[in-house]
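>
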Amino acid sequence: MKVTRIPKTSTKLLTFLGSVLLSVCSLSQAQTIIPSAPEVNAKGHILIDYTTGKVIAQSNADILLAPASLTKMMTSYIIGKELDSGNIKNEDVVKISEKAWAKNFPDSSKMFIEVGTEVPVSLLNQGIIVASGNDACVAMAEHIAGSEDAFAQLMNAHAEQLGMHSSFFENSHGLDSKEHKTTARDMATLAIALIRDVPNEYKLYSQKSFTYNNIKQYNRNSLLWDKSMNVDGLKTGHTSQAGYSLVTSATKGDMRLVSVVMGTESERARKVESKKLLNYGFRFFETYTPYKAGEKFVSDRVWMGDQKEVDLGIMVDTPITIPRGQRKNLQANFELDKQLTAPLQKGEVVGKLFLQLDGEDIAQYPLVTLQEVKEGGMLDKLMDYVKLQFVD
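Residue 2 is where the sequence shown starts when you use the working numbering, and the numbers rise one by one after that.
Laid out in structure tokens, this is it:
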């Protein structure tokens, strides 16, 4: 990778151990051809790199749509948070109320729980994620918040906290309701939060079947059975108003993608359109980390210190999403805020690191010192003072 310093008056090319320099040959090579994102037959869709948050493809990602059972992702997210915080436990038993009774949901997905029975949280949780049970959602909503209305307030509070500013939840299960809306972008945000914040909860999303009360039900996410992809979750949704929707996450190598398709025409269509997006993302893009946290990026001159140079780097990893075949065209530029003068603390921000592709900034990070530099002795400081008089 080419590394360039950008001072205010001139540009200096630096090389360091492990850097890969662009050759004249590579500069003249044709750019990797990246086709346009595929057409997706859905009311709204989005494809995002989980690690970087980079949107790879989207259309109508911000229009309000009925989420149907995608709603259960938020119910599940709250359950995961409550379990992690110790407010509830998997072995807790929940007494099933009249409102949570399966008979209240005659024409929709359910776990088949019966009024007055006591069911462990762990089974209700599986009933929500694997069987998409509306009855199980109400039971858990009442267990956590006392009522479904109160639980809906929790859902909206979490949505706001996660940045899902377009979403509004009126129930825990997703059956059509006038103001119960979300967007493809918000569903992707929620999917990322589930994977990141409640990993133990997310593990349940790869479960292919669930048996309760001698009734075996299969996960409706048919991509879990697709051997051509490494799909490990998330959730399907369907109502007459919403159409057929699917939020999916899959991995390939170091890359994890999250796709959302909302409002397709059939179960098969939501699978086909989701797979189309995921294949496009994995085929033409990659997640690449040029620099790791704490790794030396470059050394630079320090004045008035007990050492002449200090290593500079970054405090976080630098994952980026780039077109496949473009690593050789990446450039790393850095700019110092001012001349480096001791004393300097370890981790002190002294400038910026820019990652560029084809001359455009694609990421920016604070550049920090990787060691402490103390003030030098009187003689060293005097010599540096004299030298500085001749430095432009």
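Beta carbons: idealized from backbone N, C-alpha and C, even for Gly. Keep in mind that this is a model prediction, so the values were computed, not measured.
1) Below 6 Å CB to CB, which residues in the same chain sit around Gln30 once its five sequence neighbours on both sides are set aside?
2) Taking only runs of the alpha helix (DSSP H) that begin and end inside the region 242-269, which ones reach a length of at least 4 residues, in chain order?
3) For Asp227 and Val303, I'd like the C-alpha separation in whole angstroms.
4) Alpha carbon to alpha carbon, how far is His239 from Ser267? Give it in angstroms, no decimals.
5) Where does Leu195 fall in DSSP's three states?
6) Counting only the same chain and skipping the five closest in sequence on each side, list residues whose C-beta sits under 6 Å from that of Ile64.
7) So what does DSSP say about Leu176, is it helix, strand or coil?
8) Quick one: using the 10 Å Cβ neighbour count with 16 as the cut-off for buried, is Thr249 buried or exposed?
9) Are the region 182-192 and the region 129-147 touching, with three or more C-beta to C-beta distances below 8 Å?
10) Ignoring anything shorter than 3 residues or poking outside the region 80-152, list the beta strand (DSSP E) runs there in chain order.
11) Tell me the residue span of the beta strand (DSSP E) that contains Glu361.
12) Does the Cβ-Cβ distance between Val259 and Leu313 come in under 8 Å?
13) For Ala153, which of Gly326, Met75, Asn61 has the nearest alpha-carbon?
14) Looking at the secondary structure, which residues open and close the alpha helix (DSSP H) in which Pro200 lies?
15) Please name the residue or residues paired with Gly238 in a DSSP beta bridge.
16) Provide the residue(s) that pair with Leu66 in DSSP beta bridges, ordered along the chain.
17) Please return the same chain residues whose Cβ sits closer than 6 Å to the Cβ of Lys375, not counting the five positions on each side in sequence.
18) Find out if the Cβ-Cβ distance for the pair Ser168, Asp187 is shorter than 8 Å.
19) Hey, out of Ile130, Pro36, Glu336, Ala38, whose CA is closest to Asp301's CA?
20) Which residue from Met263, Thr290, Glu161 puts its Cα closest to that of Gln327?
21) Return the first residue and the last residue of the beta strand (DSSP E) that His46 is part of.
22) Any idea which residues DSSP pairs Arg302 with across the strands?
23) Using a Cβ-Cβ cut-off of 6 Å (strictly less than) and excluding sequence neighbours within five positions of Thr342, which residues of its own chain qualify?
24) So, with DSSP's three-state summary, where would you put Thr342?
25) Which stretch, first to last residue, makes up the beta strand (DSSP E) that contains Gly352?
26) Look at Leu331 and Leu356 and say whether their C-beta atoms are less than 8 Å apart.
27) Measuring straight from C-alpha to C-alpha, what distance separates Gln242 and Ala67?
28) Let me make sure I understand the geometry here. Which of Phe211, Leu235, Pro324 has the alpha-carbon closest to that of Thr190?
29) Output needed for Asp177: all residues of its chain with C-beta closer than 8 Å, excluding positions within five of it in sequence on either side, in chain order.
30) What is the DSSP secondary structure of Val232, counted as helix, strand or coil?
31) In whole angstroms, what separates the C-alpha of Met263 from that of Glu373?
32) In this structure, how does DSSP classify Phe286 when only helix, strand and coil are distinguished?
33) What is the rounded straight-line gap between the Cα of Phe298 and the Cα of Tyr366?
34) What did DSSP end up calling Lys13 once you bin it into helix, strand or coil?
35) Pair every Cβ in the region 94-103 with every Cβ in the region 112-125, then say whether three or more of these pairs are closer than 8 Å.
36) Which residue from Val350, Ser110, Leu84, Ser60 puts its Cα closest to that of Asn220?
In brief:
1) Note that Gln30 scores 41 on pLDDT, short of 50, meaning its location in the model is unreliable; the coordinates nonetheless yield the value given after this. Here the set comprises nothing.
2) none
3) A direct Cα-to-Cα measurement between Asp227 and Val303 gives close to 57 Å.
4) 9 Å
5) helix
6) Gly45
7) Looking at Leu176 - three-state DSSP - the assignment turns out to be coil, as it is neither helix nor strand.
8) buried
9) no
10) Within the region 80-152, the complete beta strand (DSSP E) runs of at least 3 residues fall at 94-96, 119-121.
11) For Glu361, the enclosing beta strand (DSSP E) stretches over residues 361-370.
12) no
13) Met75
14) Pro200 -> alpha helix (DSSP H) spans 200-203.
15) Ser246
16) Thr183
17) Cβ neighbours of Lys375 beyond the five flanking positions: Asp307, Pro344.
18) For Ser168 and Asp187, yes; Cβs fall inside 8 Å.
19) Glu336
20) Thr290
21) 45-50
22) Under DSSP, Arg302 takes part in a beta bridge, and its partners are Glu310.
23) Trp304, Met305
24) strand
25) 350-358
26) Yes.
27) 7 Å
28) Leu235
29) Only Ala67, Ala69, Thr240, Ser241, Gln242, Ala243 meet the Cβ criterion.
30) strand
31) 52 Å
32) Strand, per DSSP.
33) Looking at the two C-alpha atoms, the distance is approximately 12 Å.
34) In this prediction, Lys13 has a pLDDT of 31, which is less than 50 and means its spatial position is unreliable; what the coordinates show is noted afterwards. DSSP places Lys13 within a strand segment (E or B) once states are collapsed to three.
35) yes
36) Ser110
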